[in-house]
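I have placed the structure first, in the form of structure tokens, so that the comments after it can refer back to it.
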Amino acid sequence: MENLVLESPSGIDALWIKYQLRRRGYTLTSLGREHGVSRHAVSLALRRPYPKMEAIIARALGLHPAELWPDRYDQQGNPNRSMGRPQKPATSDLKNHIRRTSRNWKSGEGA
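Numbering (the working numbering), first residue to last: 179 to 289.
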């Protein structure tokens, strides 16, 4: 396998990655199709954190995602952001909060 030059001029990282994929016979569409996702899903990883797609792109280039997006990973190669959607408060906590606030409002304490 040929050596990759991992330095890309600032501001064109997405173009550099797409160029490297193209050199290996991939397009965003073909890479997405191969993994059962849309071209758009693959292209999202070029603009914002998306661990699943980052791994797919990096694998196609024979790299670890942290090598392509060092700002998105810690020193151990783990994503440096929380995974998944933010947690909502438990429904019972929310209901209790609403009850307390509505009681205070009715009694004039909340005004």
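Every residue, glycine too, gets a C-beta built ideally from N, C-alpha and C.
In this text the structure is predicted, and so the values were computed from the model without any measurement.
- Rounded to the nearest angstrom, the gap between the Cα atoms of residue 246 and residue 226 is 13 Å.
- In the three-state DSSP reduction, residue 257 falls in the strand class (E or B).
- Counting only runs of at least 4 residues, the region 191-249 fully encloses the following alpha helix (DSSP H) elements, listed from N- to C-terminal order: 191-201, 206-212, 217-225, 229-238, 243-246.
- Judged by their CB atoms, residue 234 and residue 218 are not nearer to each other than the 8 Å cut-off.
- Closest by C-alpha distance to residue 258, out of 228, 206, 207, 279, is 228.
- Residue environment analysis places residue 195 among the buried positions, since at least 16 neighbouring C-beta atoms fall within 10 angstroms of its C-beta.
- The beta-carbon separation of residue 209 and residue 222, rounded to 12 Å, does not stay under the 8 Å limit for a contact.
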